[in-house]
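Q:
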Amino acid sequence: MSSMEDIGEKGFLRGILPGLARNEIFVNGFGHDSSLLDLGLERHIAFKIDRAPSPIAISRGWSDFKVWGRLAVVANVSDLLATAALPQAMMLSLVLPRDLDAKKATDIIIGCEESCAQHGIAFVGGDTKEGATIQVVGAALGTAEKSYWLGRYKAVPGDHLIIAGMVGGFSGALSLLDAGKASDVERRSLLSVLTEPVARIREGAYIRESRVLHSCMDLSDGLAEAIANFSSKNVGITINEDALPLHRYAIDAAHLLSVSSSKFAFSVGDWAIAGLVSQENLSRFFDNAPADLQLRDLGAFDSSGKCLLKAPDGSVRPIPKILNEQFRKRLEDDGDYFRSVLNA
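Letter by letter, the sequence shown follows residues 0 to 343 in numbering that gives the first Met the number 0.
1. Taking C-alpha atoms, which residue in Glu-41, Leu-19, Ser-282, Gly-313 lies nearest to Asn-239?
2. Going straight from the alpha carbon of Pro-244 to that of Ser-219, what length do you get?
3. Below 8 Å, can you find three or more Cβ-Cβ pairs linking the stretch 65–75 to the stretch 89–97?
4. Could you tell me which residues DSSP puts in a beta bridge with Gly-137?
5. Mapping the DSSP letters down to three states, classify Met-216 as helix, strand or coil.
6. Give the DSSP-derived three-state secondary structure of Asn-287 in the structure shown.
7. Report the residue ranges of all beta strand (DSSP E) runs contained in full by the stretch 59–93; include only those spanning at least 3 residues, in chain order.
8. Quick one: grab the DSSP three-state call for Gly-10.
9. Starting from Gly-221, follow its DSSP beta bridges and name the residues at the other end.
10. Please report the residue range of the beta strand (DSSP E) in which Gly-274 lies.
11. If you compare alpha carbons, which of Glu-202, Leu-173, Gly-235, Gly-141 is closest to Phe-285?
12. Looking only at C-alpha atoms, which of Pro-86, Arg-97, Ile-162, Ala-172 sits nearest to Ala-252?
13. Is it the case that the Cβ atoms of Leu-275 and Asp-158 are separated by a distance below 8 Å?
14. Between Ala-84, Ala-290, Asp-49, Leu-16, which has its C-alpha nearest Ile-200's C-alpha?
15. Does the count of Cβ pairs from the stretch 41–50 and the stretch 131–141 closer than 8 Å reach three?
16. Among the residues of its own chain, which have a CB less than 6 Å from the CB of Trp-270, if the five just before and after it don't count?
17. Can you tell me whether Gly-179 is helix, strand or coil according to DSSP?
18. Helix, strand or coil: which one does DSSP assign to Gly-171?
19. Alpha carbons only, please: which of Ala-178, Arg-59, Ser-188, Val-166 is nearest the one belonging to Gly-221?
20. Hey, out of Gly-235, Val-136, Pro-86, Phe-29, whose CA is closest to Ile-108's CA?
21. If you draw a straight line from the C-alpha of Asp-301 to the C-alpha of Leu-255, how long is it?
22. Among all the DSSP beta bridges, which residues are the ones paired with Arg-186?
23. By the 10 Å Cβ neighbour count, where 16 or more other Cβ atoms means buried, how is Val-211 classified, buried or exposed?
24. Do you know whose CA, among Trp-148, Met-216, Ile-226, lies nearest Ser-209's CA?
25. If you draw a straight line from the alpha carbon of Arg-329 to that of Ala-121, how long is it in whole angstroms?
26. Do Phe-11 and Met-3 have their CB atoms nearer than 8 Å?
27. Could you tell me whether the Cβ atoms of Ala-225 and Ala-273 are closer together than 8 Å?
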């Protein structure tokens, strides 16, 4: 008998999803960032449900419980954006021990409500139940055009990898906080990266309205995971380190720890979005984008089947396989995960 640890979250899903029946109203099928339903309306209904990870900022005593509610919103909204859906409403389900301080439960809900307002969506209630440990599960609703929506599809040679947002901010900020050398002002700024997550609403809107990308996923499991999803046996990519859209805290942490800043680029916690655009549509995508959007071209996929990182000195190495997977190694487990980031 195999345990969930033996199989891992992704192996478990690969085994079960192909055998599940797909109802005729289920437009995009299993395995994408959110599910699209055709209910006979003018637009598809987009639906997502996701458990918010236990925040490191809470376990380390750096934040109140509002961050947990914020994470529930961002995790779900980011997935809707990655399917080119327009996020519109959010519900929250809480499992709480009976001896939990009621103020903490209130803070989770208030954090969710405030984040909904920040993201321009409605908070429409939820459910509260008793359980042994705190669990926070969000569910988000939106709509998508019937003529244009996105899924997690493989790249072909010539497709360009686009990143909306920045990478390395979360792991960089955490590393700088661990170093303990930040001033009070710097510390508040670093903590905001961990406690005030925001989905890429404006970049997501541009992706949706430009109708140019043909594959997309959010980076909740990191850039390395996205590259693995887009690549295949005969399709790979070589990314120049200089092209990575690194957050300034990733650069600062790399300098402090005397490591390559690219070590922080492939970890999780940044809520960016990755997508594919053909060579034919590349110029149109960037030429029409508002100048203040954070969009970056990481280069084109090729027919090598290898996923490589090219250093400024011209040397190449495999893109690090940094695992963030339920039942194995997770960001919320803290120490082991970030040791793997620095050792990658």
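All C-beta atoms in this analysis are idealised placements derived from N, C-alpha and C, irrespective of residue type, glycine included.
Predicted model, so just to flag it, every value in this text is computed and none were measured.
A: The relevant details are as follows:
1. Checked all of Glu-41, Leu-19, Ser-282, Gly-313; the closest Cα to Asn-239 is Gly-313.
2. Rounded to the nearest whole angstrom, the C-alpha separation of Pro-244 and Ser-219 is 16 Å.
3. Short answer: they touch.
4. In DSSP, Gly-137 forms a bridge with Asp-49, Leu-91.
5. Strand at Met-216.
6. Of the three classes helix, strand and coil, the one that applies to Asn-287 here is coil, per DSSP.
7. Within the stretch 59–93, no complete beta strand (DSSP E) segment of 3 residues or longer occurs.
8. The answer is helix: DSSP assigns Gly-10 an H, G or I state.
9. DSSP output for Gly-221 lists no bridge partner at all.
10. Element bounds for Gly-274: 272–276.
11. Answer by Cα proximity: Glu-202.
12. The residue with the shortest Cα to Cα distance from Ala-252 is Ala-172.
13. For Leu-275 and Asp-158, yes; Cβs fall inside 8 Å.
14. Among Ala-84, Ala-290, Asp-49, Leu-16, the Cα nearest to that of Ile-200 is on Ala-84.
15. With the cut-off at 8 Å, the stretch 41–50 and the stretch 131–141 touch.
16. Cβ within range, chain order: Val-73, Ser-77, Pro-196, Ala-198.
17. Of the three classes helix, strand and coil, the one that applies to Gly-179 here is coil, per DSSP.
18. Note: Gly-171 maps to helix in three-state DSSP.
19. Of the candidates Ala-178, Arg-59, Ser-188, Val-166, the one whose C-alpha sits nearest the C-alpha of Gly-221 is Val-166.
20. Comparing Cα positions, the closest option is Val-136.
21. Looking at the two C-alpha atoms, the distance is approximately 35 Å.
22. Paired residue(s): none; Arg-186 is not in a bridge.
23. Answer is buried; the Cβ neighbour count reaches 16.
24. Per the C-alpha coordinates, the member of Trp-148, Met-216, Ile-226 positioned closest to Ser-209 is Trp-148.
25. Answer to the nearest angstrom: the Cα atoms are 30 Å apart.
26. For Phe-11 and Met-3, yes; Cβs fall inside 8 Å.
27. Cβ atoms of Ala-225 and Ala-273: closer than 8 Å.
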